[in-house]
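Quick notes on the structure that follows.
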Amino acid sequence: MKSLVIIPTYNEIENIKKIVISVLDKKDNFDVLIVDDSSPDGTSKV
Numbered sequence: 154m155k156s157l158v159i160i161p162t163y164n165e166i167e168n169i170k171k172i173v174i175s176v177l178d179k180k181d182n183f184d185v186l187i188v189d190d191s192s193p194d195g196t197s198k199v
């Protein structure tokens, strides 16, 4: 069974890369959905 990891973000430009890498390093079968709440710091551009 495949899981879905949902990562809500707001002003996380300094952390989002580390978070995504950490999640993707897991060996489980899952999809990742990153949801940004219109961060003014450019999080959605990462």
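The working numbering numbers the first residue of the sequence shown as 154 and each following residue consecutively.
The C-beta atom is built at its ideal place from N, Cα and C for all residues, glycine as well.
As the structure is a prediction and not an experimental result, all values here were calculated from the model.
One or two residues paired with residue i in a DSSP bridge
i	result
D184	L157
T162	D189
Neighbour-count burial assignment, residue i, 16 or more Cβ in a 10 Å radius
i	result
D181	exposed
I169	buried
D189	buried
Boundaries (first-last residue) of the alpha helix (DSSP H) holding residue i
i	result
S175	169–177
CA nearest to the CA of residue i, picked from the options
i	options	result
L157	P193, V176, G195, S192	V176
C-beta contact flag for residue i and residue j at 8 Å
i	j	result
S191	T162	no
D184	N164	no
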